[in-house]
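Order-wise, the sequence lines are chains A and B.
Per my numbering, the very first residue in the first sequence carries number 1; after that it's consecutive.
Per my numbering, the very first residue in the second sequence carries number 185; after that it's consecutive.
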Amino acid sequence: MTIPELIKEAKKGSTAAQRYLFDLLSDKMLMVCRRYVRNQQDAEELLLDGFYKFFKSLPDLSYQGDAALHSWVKRIMINECLMFLRKKSAFVVVSEHVAETVALEEDVLNNLSAAEIFNLVIQLPAGYRTVFNLYVIEGMNHGEIAGLLGISEGTSKSQLSKAKSLLQKMLVQQNIEYVKRKTQ
Amino acid sequence: MSNEKHSNSWIGKLDELESLPGEAPLDKVAAWDRLHQRMDGKKIKKRGAWYWAAACLFLAVIGLLLLKLERKGNFPPPASYVANPYKKKMQEKESDIKETPVIVKSPAVPTPMDSPTGKKPLHVKEKTPAIISDVATILPPIIKAIPHPDTMLAETTTVAAAPKKMRVVHINDVGGDVIGNAYVYPEHKQFKIGLSGPAGFASQIVADKTQKTTLSPKN
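Here you go:
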């Protein structure tokens, strides 16, 4: 059964089709949730909440390709995570002056494995991590992030700058040879 | 959704990550069961909320009906009874008189007080106020101490007093001074006048004709 057919069946209320979609997307979506929420149990709860909303909003979905479906589900998951973080008031408001722009060592990151990058990202404090995820990984701009998180653009910029510098420090602390070479 | 360009390589890797090497993967069966339960539970909860709403509405309607029925049963007191200081004064006076205990001693049943002194039983006459008005004819029950035939003790029994016939006298014959007047029906310019004289009390509703009650159109 192809994904469009699965969507069609799931829209009709077929539990089997819903189950298949869940199996297909849940792993990746759990990793998305975990990028925002460090705790495994919280992330699983948010995953279930997200899928519940996804199945509820299926009648409004018009299938436009796998990538669109994937990004739609991902967006639902991110919204759930942001709602959770907002409830927990995990966003630390820091001074609004923009710190010096820190450039990420893209080459260093490219040489790392996905799990290593993931472990580095989830070590960041919640505020930094959220802005970093939204800006660097999801590709949003500071205006969008500010609107989503209810913070100013300056705060978003400042959080991103601090997140990047912290990430650089972590890369150095991990004693990665490439970084060593670069810094020497 | 655009910002400074990042190398897509590591972001793509991160996006494609499905599990961490050292961690146990997601138990999909258990997770699906929980999700399915949640979906079913929310459906039931939704239905339950409707039942609760219906029950609350039903109770509210019943409550309102009962309140309406109860209000229908209670009539408000007449206006003349409410705002009439003279009548109130008179009623206070009447109650003062009637609440005086009347001791009636029967000679057939001697009380322990009779024998040692040998005195005749004391008859206390009931004070009758000389009230010559319609108000005076309505009397509340008088409490009298009547001796019980079997016991030596007097038992308090409520006896309804028969309305006493009063002499009807014209208000002008009462004499004395006006002790009070109050508007009974202000909208009709009627007021109640009270008199106190040697013959007793009297009250009458009198129309005030000194003031013009109607406005006649000017010619």
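A virtual CB, placed ideally from N, CA and C, is assigned to each residue, including glycine.
Source: prediction; values computed, not measured.
- [ ] Would you list, in chain order, the members of the segment 195 to 215 of chain B that have their beta-carbon closer than 8 Å to a beta-carbon of chain A?
- [x] Ile195, Lys197, Leu198, Asp199, Glu200, Leu201, Glu202, Ser203, Leu204, Pro205, Glu207, Pro209, Leu210, Lys212, Ala215
Open item on the list: Considering only their Cβ atoms, is the gap separating Leu69(A) from Ala10(A) smaller than 8 Å?
Closed with: Your numbering for residue 10(A) matches position 10 in the first sequence. Your numbering for residue 69(A) matches position 69 in the first sequence. No; because the gap between Cβ atoms is not below 8 Å, this pair is not in contact.
Task: Whole-angstrom distance between Tyr52(A) and Gln159(A), CA atom to CA atom - done: For this step, residue 159(A) is matched to residue 159 along the first sequence. For this step, residue 52(A) is matched to residue 52 along the first sequence. Their Cα atoms are separated by approximately 32 Å.
Task: C-beta contact flag for Ala215(B) and Leu48(A) at 8 Å - done: For the purposes of this step, residue 215(B) is taken as residue 31 along the second sequence, with counting starting at 1. For the purposes of this step, residue 48(A) is taken as residue 48 along the first sequence, with counting starting at 1. Going by C-beta atoms, Ala215(B) is nearer than 8 Å to Leu48(A).
Task: Rounded Cβ spacing between Gly378(B) and Asn365(B) (contact assumed at less than 8 Å) - done: Start at 1 with the first residue of the second sequence, and residue 378(B) comes out as number 194. Start at 1 with the first residue of the second sequence, and residue 365(B) comes out as number 181. Their Cβ separation, rounded to whole angstroms, is 7 Å, which keeps Gly378(B) and Asn365(B) in contact under 8 Å.
Open item on the list: For chain A, check one thing: does any of its Cβ atoms lie closer than 8 Å to the Cβ of Leu219(B)?
Closed with: Stepping through the second sequence from its first residue, residue 219(B) is reached at position 35. Yes, Leu219(B) counts as interfacial toward chain A.
- [ ] Drop a sphere of 10 angstroms on the beta-carbon of Gly127(A), count the other beta-carbons inside from all chains shown, and report buried for 16 or more, exposed for fewer.
- [x] For the purposes of this step, residue 127(A) is taken as residue 127 along the first sequence, with counting starting at 1. Under this definition Gly127(A) is a buried residue.
Task: Straight-line gap, Gly247(B) to Trp234(B) (C-alpha atoms, nearest Å) - done: Here residue 247(B) refers to the residue found at position 63 of the second sequence. Here residue 234(B) refers to the residue found at position 50 of the second sequence. The alpha-carbon separation between Gly247(B) and Trp234(B) amounts to approximately 20 Å.
TODO: Could you tell me whether the Cβ atoms of Met140(A) and Leu134(A) are closer together than 8 Å?
DONE: On the first sequence, residue 140(A) is found 140 positions in, with the first residue counted as 1. On the first sequence, residue 134(A) is found 134 positions in, with the first residue counted as 1. Yes, the Cβ-Cβ distance between Met140(A) and Leu134(A) is below 8 Å.
Task: Asp211(B) versus Ser161(A) - alpha carbon distance - done: Position 27 of the second sequence, counting from 1, holds the residue named residue 211(B). Position 161 of the first sequence, counting from 1, holds the residue named residue 161(A). Spanning the two alpha carbons is a distance of roughly 37 Å.
Task: C-alpha gap between Gly359(B) and Ala391(B), whole angstroms - done: The residue labelled residue 359(B) in the question sits at position 175 within the second sequence. The residue labelled residue 391(B) in the question sits at position 207 within the second sequence. Whole-angstrom Cα-Cα distance: 20 Å.
Open item on the list: Given the structure, does Lys12(A) come close to the ligand ADP, in the sense that its CB is under 7 Å from one of the ligand's heavy atoms?
Closed with: Because no ligand of any kind appears in the structure shown, any question about the ligand ADP cannot be addressed here.
Open item on the list: To the nearest angstrom, how far is the alpha carbon of Glu138(A) from that of Asp224(B)?
Closed with: On the first sequence, residue 138(A) is found 138 positions in, with the first residue counted as 1. On the second sequence, residue 224(B) is found 40 positions in, with the first residue counted as 1. Our two residues, Glu138(A) and Asp224(B), have alpha carbons roughly 33 Å apart in a direct line.
- [ ] Taking C-beta pairs closer than 7 Å, name the residues in chain A that Arg222(B) reaches, listed in chain order.
- [x] Position 38 of the second sequence, counting from 1, holds the residue named residue 222(B). Within chain A, the residues near Arg222(B) are Leu48, Tyr52.
Task: Sequence-distant residues of the same chain with beta carbon closer than 7 Å to Lys88(A), five excluded per side - done: In the first sequence, counting from the first residue as 1, residue 88(A) sits at position 88. The answer is none, since no qualifying residue turns up.
TODO: Please list the residues of the segment 7 to 27 of chain A that have a C-beta atom closer than 9 Å to any C-beta atom in chain B, keeping them in chain order.
DONE: Thr15, Gln18, Arg19, Phe22, Asp23, Ser26, Asp27
TODO: Taking the CB atoms as reference points, tell me whether Trp236(B) and Leu112(A) lie closer together than 8 Å.
DONE: Translated into positions along the second sequence, residue 236(B) becomes position 52. Translated into positions along the first sequence, residue 112(A) becomes position 112. Contact flag unset, no.
TODO: Determine the contact status of Arg35(A) and Ile151(A), defining contact as a CB-CB distance below 8 Å.
DONE: Counting from one through the first sequence, the residue named residue 35(A) turns up at place 35. Counting from one through the first sequence, the residue named residue 151(A) turns up at place 151. No, Cβ-Cβ distance for Arg35(A) and Ile151(A) is not below 8 Å.
TODO: Thinking Val136(A) and Met77(A) are a contact (beta carbons under 8 Å), I'd like their distance in whole angstroms, please.
DONE: On the first sequence, position 136 is the one that residue 136(A) refers to. On the first sequence, position 77 is the one that residue 77(A) refers to. Actually they are not in contact, since the Cβ atoms of Val136(A) and Met77(A) sit about 17 Å apart, beyond 8 Å.
Open item on the list: Run through chain B and tell me which residues come within less than 7 Å of Leu30(A), C-beta to C-beta.
Closed with: Locating residue 30(A) in the first sequence gives position 30, where the first residue counts as 1. Residues of chain B passing the Cβ test: Leu210.
Task: Contacts of Phe55(A) in chain B (Cβ-Cβ under 9 Å) - done: Working through the first sequence from its first residue, we reach residue 55(A) at position 55. Here the neighbours are Leu219, Met223.
TODO: Kindly say whether Leu109(A), judged by its beta-carbon, lies nearer than 8 Å to any beta-carbon of chain B.
DONE: What you label residue 109(A) is simply residue 109 of the first sequence in a count that begins at 1. Yes, Leu109(A) counts as interfacial toward chain B.
TODO: Starting from Val121(A), follow the alpha helix (DSSP H) in both directions and report where the run begins and ends.
DONE: Working through the first sequence from its first residue, we reach residue 121(A) at position 121. That run of the alpha helix (DSSP H) goes 114 to 122.
Open item on the list: Once the 5 residues before and after Leu21(A) are set aside, which same chain residues still bring their CB inside 7 Å of it?
Closed with: Looking up residue 21(A) in the first sequence gives position 21. Taken in chain order, the residues that qualify are Leu6, Ala10.
TODO: Could you tell me which chain B residues have their CB closer than 9 Å to the CB of Leu112(A), listed as they occur along the chain?
DONE: Locating residue 112(A) in the first sequence gives position 112, counting from the first residue. Here the neighbours are Trp194, Lys197.
Task: Cutoff 8 Å; reference Val37(A); Cβ partners in own chain excluding five residues on either side - done: Numbered from its first residue, the first sequence carries residue 37(A) at position 37. Taken in chain order, the residues that qualify are Ala43, Leu46, Cys81, Phe84, Leu85.
Open item on the list: For Gly206(B) and Ala244(B), I'd like the C-alpha separation in whole angstroms.
Closed with: The residue you call residue 206(B) lines up with position 22 of the second sequence. The residue you call residue 244(B) lines up with position 60 of the second sequence. If you take the alpha carbons of Gly206(B) and Ala244(B), they lie about 60 Å apart.
TODO: Assign Val362(B) to buried or exposed, taking buried as 16 or more other Cβ atoms, counted over all protein chains shown, within 10 Å of its Cβ.
DONE: Walking along the second sequence from the start, residue 362(B) turns up at place 178. It is exposed - the Cβ of Val362(B) has fewer than 16 other Cβ atoms within 10 Å.
Open item on the list: Between the alpha carbons of Ile316(B) and Leu249(B), how many angstroms are there, rounded?
Closed with: Against the second sequence, residue 316(B) aligns to sequence position 132. Against the second sequence, residue 249(B) aligns to sequence position 65. At Ile316(B) the pLDDT is 47, less than 50, meaning the model places this residue with poor confidence and gives no usable figure here.
Open item on the list: I want to verify the contact list: residues of chain B whose CB lies under 8 Å from the CB of Ala115(A), in sequence order.
Closed with: Residue mapping note: residue 115(A) aligns to position 115 of the first sequence, counting from 1. Near Ala115(A) (Cβ distances below 8 Å), the residues of chain B are Leu201, Leu204, Pro205.
- [ ] Classify Val368(B) as helix, strand or coil using the three-state DSSP reduction.
- [x] By 1-based counting over the second sequence, the position of residue 368(B) is 184. The answer is strand: DSSP assigns Val368(B) an E or B state.
Open item on the list: Buried or exposed for Ile389(B), going by 16 or more other Cβ atoms inside 10 Å?
Closed with: In the second sequence, the residue the question calls residue 389(B) occupies position 205. When all chains shown are included, Ile389(B) counts as exposed.
Open item on the list: Suppose you measure from the CA of Ile117(A) to the CA of Leu171(A); what does that come to, to the nearest Å?
Closed with: By one-based count along the first sequence, residue 117(A) stands at place 117. By one-based count along the first sequence, residue 171(A) stands at place 171. For Ile117(A) and Leu171(A), the distance between alpha carbons rounds to 10 Å.
Open item on the list: Just to confirm, is the Cβ distance from Leu201(B) to Ala114(A) under 8 Å?
Closed with: As a working note, residue 201(B) is residue 17 in the second sequence. As a working note, residue 114(A) is residue 114 in the first sequence. Cβ atoms of Leu201(B) and Ala114(A): closer than 8 Å.
- [ ] Helix, strand or coil for Gly50(A), going by three-state DSSP, please let me know.
- [x] Numbered from its first residue, the first sequence carries residue 50(A) at position 50. Helix, per DSSP.
TODO: Would you mind reading off the limits of the beta strand (DSSP E) that contains Lys376(B)?
DONE: One-based indexing of the second sequence puts residue 376(B) at position 192. Taken as a continuous stretch (DSSP letters only), the beta strand (DSSP E) holding Lys376(B) covers 374 to 381.
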